[in-house]
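K.L.:
Numbering of the sequence shown is given in my numbering, commencing with residue 314 and proceeding in unit increments.
Handing you this structure, nothing more for now.
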Amino acid sequence: MMATAVQEYNQLTRFRNTLPRRLFSTDQLGPMYQTDVLTAIHKRYIQPNDSKNLRWLVYDVDRDTASYDWSDRGCPPPNLVATNLDNGHAHLFYGLEVPVWRQYGVKDKAFRYAAAIDVAMTKALDADPGYAKLIAKNPLRADAWNVQTYQRYSYDLPWMADYLDLAPYQDQRRNLPPVGLGRNCTLFDRLRLWAYRAIRQVWLSEDFWRYSVEVVAQGYNDFPNPLPYTEIKATAKSVGKWTWNNMSREGFNRWAEARRQKSMAVRRANSVVLFKKIQALAAENPEATQRELAALAECSQKTISNALRATI
């Protein structure tokens, strides 16, 4: 059941319209370079997501029944399928109505939720757990692949979750299995915990700090199927930037000053409320002494004196 109303789309058109402006693409798997989107759409393999927004969940299924046995496995219908005509192996595309922000510098519950769905889908489809998800068979190349459209509506995360068992992945204190987007979450969690401790040391500069975070991130990329460098770099950049801005000595001083200013504003606002209450009590009890007003307002006599002298 759909959790929210979604719009019907021509999914091939939506795929084309949501591609990054500059992206990786190639005709042969191997070294790749970024190009503009007008060049990339003519390549056999293409990058479906940019570095910040997850719009397409893609699964690499290496068996000759890949294009249709998702139904037998109780999985949701893919929006698009691009199948190799020689062996039946396919990439299954699930488009998200609202993209998930992939900024790893903050602990984003939506990304963790998407990652749990991705892990469960990989298991349910028996898809390749080592698939890097950087590039996929280009469904815009119907001359190169057998391209099929099944679901005309884009998904939201709860709708996809209805098909899956997420119980093993709901405890956010535990790392997700190192499969698909689960690797991104695990890398982020390991890296941020290291960074929270390491930032307390004295660092020569922000550039040196960010370089060190990236080196550590590469060391943590010890999964059975490692993440590509682009994913490591994005995670390291976000963690490094956030911890420097918020937890370094300079960042902590900025945070402390902001907290001090906020606390002062709250105290001033509370004082205004209290002073108005005291002045109202004084107007209602013109014969009362300051000591008697203090008892009525449940505050000190000095506060009464200050309130009666204040202009609000």
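Positions of the beta carbon are idealized from the N, C-alpha and C atoms, including for glycine.
Taking the alpha helix (DSSP H) that residue 520 belongs to, which residues open and close that run?
P.N.:
Residues 519-533.
K.L.:
Nearest-angstrom Cα distance between residue 359 and residue 451?
P.N.:
5 Å
K.L.:
Residue 463 and residue 390 - do their beta-carbons sit closer together than 8 Å?
P.N.:
yes
K.L.:
Taking the alpha helix (DSSP H) that residue 495 belongs to, which residues open and close that run?
P.N.:
494-511
K.L.:
May I have the straight-line CA-CA distance separating residue 470 from residue 494, to the nearest angstrom?
P.N.:
14 Å
K.L.:
Can the beta-carbon of residue 644 be found closer than 8 Å to that of residue 489?
P.N.:
In the structure as shown, the chain begins at 314 and stops at 625. Residue 644 is therefore absent and cannot be evaluated.
K.L.:
Can you grab the Cα-Cα spacing for the pair residue 300 / residue 575, in whole Å?
P.N.:
Look at the range of the chain in this structure, 314 to 625, and you will see that residue 300 is not part of it.
K.L.:
Taking the alpha carbon of residue 544 as the point to measure from, which residue in 446, 410, 595 has its own alpha carbon closest?
P.N.:
446
K.L.:
Terminal residues of the continuous beta strand (DSSP E) containing residue 342?
P.N.:
According to the DSSP assignment, residue 342 belongs to no beta strand (DSSP E), since it is labelled neither H nor E.
K.L.:
For residue 487, count the other beta carbons within 10 Å of its own beta carbon; 16 or more makes it buried, fewer makes it exposed. Which is it?
P.N.:
Classification for residue 487: exposed.
K.L.:
I need the DSSP call for residue 536, collapsed to helix, strand or coil.
P.N.:
coil
K.L.:
Since residue 415 and residue 406 are thought to touch, with beta carbons under 8 Å apart, how far apart are those beta carbons, to the nearest angstrom?
P.N.:
Contact flag wrong, Cβ pair sits at about 17 Å.
K.L.:
If you reduce the DSSP assignment to three classes, tell me which class residue 460 lands in.
P.N.:
strand
K.L.:
From the DSSP output, in three-state form, read off residue 396 for me.
P.N.:
Residue 396 falls in the strand class under three-state DSSP.
K.L.:
Can you round the beta-carbon distance between residue 590 and residue 610 to whole angstroms, since I take them to be within the 8 Å contact cut?
P.N.:
Going by Cβ atoms, the distance from residue 590 to residue 610 rounds to 6 Å, so yes, they are a contact pair.
K.L.:
Would you identify the three-state DSSP class for residue 315, choosing helix, strand or coil?
P.N.:
Here residue 315 scores only 47 on pLDDT, less than 50, and its place in the model should not be relied on; the value that follows carries that caveat. Correct three-state label for residue 315: coil.
K.L.:
Does the pairing of the region 453-461 with the region 382-397 give three or more beta-carbon distances under 8 Å?
P.N.:
yes
K.L.:
Which value, in whole angstroms, describes the spacing of the CA atoms of residue 382 and residue 399?
P.N.:
18 Å
K.L.:
What does residue 455 pair with, by DSSP beta-bridge criteria?
P.N.:
DSSP lists no partner for residue 455.
K.L.:
DSSP three-state call for residue 410: helix, strand or coil?
P.N.:
strand
K.L.:
My understanding is that residue 534 touches residue 500, with C-beta atoms under 8 Å, so please give their C-beta distance in whole angstroms.
P.N.:
6 Å
K.L.:
Cβ atoms of residue 347 and residue 336: under 8 Å apart, would you say?
P.N.:
yes
K.L.:
Taking Cβ positions only, does residue 449 come closer than 8 Å to chain B?
P.N.:
No chain B appears in this structure, which consists of one protein chain only.
K.L.:
Look up residue 516 in the DSSP assignment and say whether it is helix, strand or coil.
P.N.:
The answer is coil: DSSP assigns residue 516 none of H, G, I, E or B.
K.L.:
Counting only runs of 4+ residues fully inside the region 350-393, write out the alpha helix (DSSP H) ranges in chain order.
P.N.:
350-353
K.L.:
Nearest to residue 368 by alpha carbon, out of 374, 409, 386, 593?
P.N.:
409
K.L.:
Find the nearest neighbour of residue 365 within the set 514, 434, 497, 340, judged by alpha-carbon distance.
P.N.:
497
K.L.:
Could you check how far apart the C-beta atoms of residue 433 and residue 479 are, in whole angstroms? I think they sit under 8 Å.
P.N.:
6 Å
K.L.:
When the Cα atoms are used, what is the spatial distance from residue 513 to residue 557?
P.N.:
Inter-residue distance for residue 513 and residue 557 is about 10 Å (C-alpha atoms, whole angstroms).
K.L.:
Take the Cβ of residue 379 as the centre, count every other Cβ of all protein chains shown within 10 Å, and call the residue buried at 16 or more, exposed below.
P.N.:
Buried, since its Cβ has 16 or more Cβ neighbours within 10 Å.
K.L.:
Are the CB atoms of residue 374 and residue 440 within a distance shorter than 8 Å?
P.N.:
yes
K.L.:
From the DSSP output, in three-state form, read off residue 335 for me.
P.N.:
strand
K.L.:
Nearest CA to the CA of residue 460: which residue from 354, 567, 325?
P.N.:
325
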